[in-house]
Each structure stands twice: as structure tokens, then as C-alpha cells.
Amino acid sequence: MTTLAIPQKMARLPGWIILAVWTAAVLLPLYILVVSCFKTTAEIYDNRLGLPQSWGLDNFVRAWTRADLGHNFINSLIVTGGAVILTIVVSAMAAYPLSRYKLGWNGIMLGLFLSGIMLPIRLASVELFTLMRSLGLLDSLTGLILVYSAIRIPFAVFIFANFMRVLPSELDEAARMDGAGETRILFQIVLPMVKPAVSIVAIFTAIAVWNDFFFPLIFIFDDRYKTVPLAVSVFVGQFRTDWGLVFASLAISMAPILIMYCLLARQIREGVGAGGGMK
């Protein structure tokens, strides 16, 4: 028994080594971020991996006040929350007929949605800017919400359609016999049964929107409407950068997404597990 156990352990050794290297590669940047939040710029240059001399909160206080992060946080919460809600509602309404009705053009429509995942939206930035200007949506949080929702809808439709497709059709038929309309069936019966899909769409949309720097940079010019990534960028100067403030502001900006992920982690794991068994 011992002789057989040794070769089995040796066979697993490469996998454990790869896992250890991957874990270190993921945790090292996070460690550097955390310890650098409490250092001055001079400390960061002198001792990048070491612990700070003091664990004071000066960098956090200065980052919050100097960049007006509180106001930018509200802007980011509005944009992220609006984009998440709009993406979930529109995508669920689009995925419902594609997955629950047997129509000849379902495959074509789903293919069109999938093409939206493959095409990089940044290639159309000039045309998108022109459209936003003609609609009067520049310097507007509403404009950002609409842009982000349009970008995330193809992915969300794909996720919802795959989850809704495996639900028994008897649920819809029973609800129709009770007099329920299609809207009620979708939002009161189907959508609650695909909560893992809702969680996946919500967390992926929130991460993409909250961390995005590109679209606020080209669509927002007024400081009143700037989001957190734009606020963080003010600490990076052409000739001098206060890296302590940069790392502190990055840590602050990460907090909402980490909290959201912790709250939805169980549903995401269930969704990934359920998605792996779908055909």
C-alpha cells in the first residue's frame, strides 16, 4: 500500500507545483497592494516587499479627501447599479423567448448576440462618441449606463439562455393555465429559478463597469460626473507620483467589488457548477 501511495503522490507533485506558483502569482500583487497602502513613496522604493514602518491610515484619509472619492463613489455606484439592473432586465427578456419558444430563427438571433461578444467595442469608439454627442449623452451618467448595458447584454443573454433552456416546459404551461402572462412567468417563475445566472451576470457586469477607465475618460469631462477610476488617476503625475496615495485609493476602490463577490460567492459557485453540466 505504501509503495503504491508514493508513485501516486509523485504523480500529483507537478499539479501541486503549478497550483503553488499560480497561487503565489495571484496573492503577491494583492500583498504588495495591501502593504503599500501604509507606506510613503520613499518606503515603497526602498523596501517594496517589506512591511511598513507604521500602520497609520494617513494615506487613506488623504486619498479620500484630496480626490473627492466620496462623490466619485456615488457616481460609480449609480453607473454600476444602473448598468447591472438594466443588463439583467433586458437580457432576461431577450433570453426568455430564445430559450423557451421553439422558433426557427432562435439560432440566428442567438448567433447575432454572440457576435456582440466577439467584436471589441473599442473599435467603434469614434462612432460611439459621435452617437453619444448627437443624443446629448456626453457628460452624463445615463449615457455611461446605456453604453455599459449595451456592451454587457450579449454575454448576459448567452448566460440566461443556457440556464433557462434546461428548465422544464411544464412550468410555463402550468402558469399559463392559471392565467399568468409571459411577463409574470418570466419575472415571478423563470427568473427566480435561475438565481445563479443572475449572480454571474451581476458580478461580471459590476466588475467590468466599476473598473472601467476607458469610457468615462472619453465621455466624461465634468468633474461632477467622474467615476472612481478617473478619480484615482489624478494621483499619477507626469513628473512625480505619490504611490502611497495611489495604492490607498486602489484599495478603497476595490472594497465594494470584494464585498459584492463575497455576498454572491455561493450563487456563483452554484452557477458555474450548473453551467458545467449543461448541454
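If you read the sequence shown in our numbering, its first letter stands for residue 57, the second for the next number, and so on. From the three backbone atoms N, C-alpha and C, an ideal C-beta is built for every residue, glycine too.
A straight-line Cα-Cα distance of about 18 angstroms links L105 and V77. The alpha-carbon of T297 is positioned some 12 angstroms away from that of I100. Rounded to whole angstroms, I177 and L273 show a C-alpha spacing of 15 angstroms. With 16 or more other CB atoms across the displayed protein chains lying within 10 angstroms of its CB, V288 is buried.
Here V91 has L107 and P108 as same chain residues with Cβ atoms under 7 angstroms from its own Cβ, once five neighbours each way along the sequence are excluded.
Within the segment 225-261, the complete alpha helix (DSSP H) segments at least 4 residues long are 225-233, listed from N- to C-terminus. Between the alpha carbons of C318 and T198 lies a gap of roughly 28 angstroms. Counting of Cβ neighbours within 10 angstroms places F269 among the exposed residues, the total staying below 16.
With a threshold of 16 other beta carbon atoms within 10 Å, S309 meets it and is buried. In terms of Cβ geometry, T261 and R208 form a close pair [threshold 8 angstroms]. The segment 161-179 and the segment 134-146 do not touch, with fewer than 3 CB-CB distances between them shorter than 8 angstroms.
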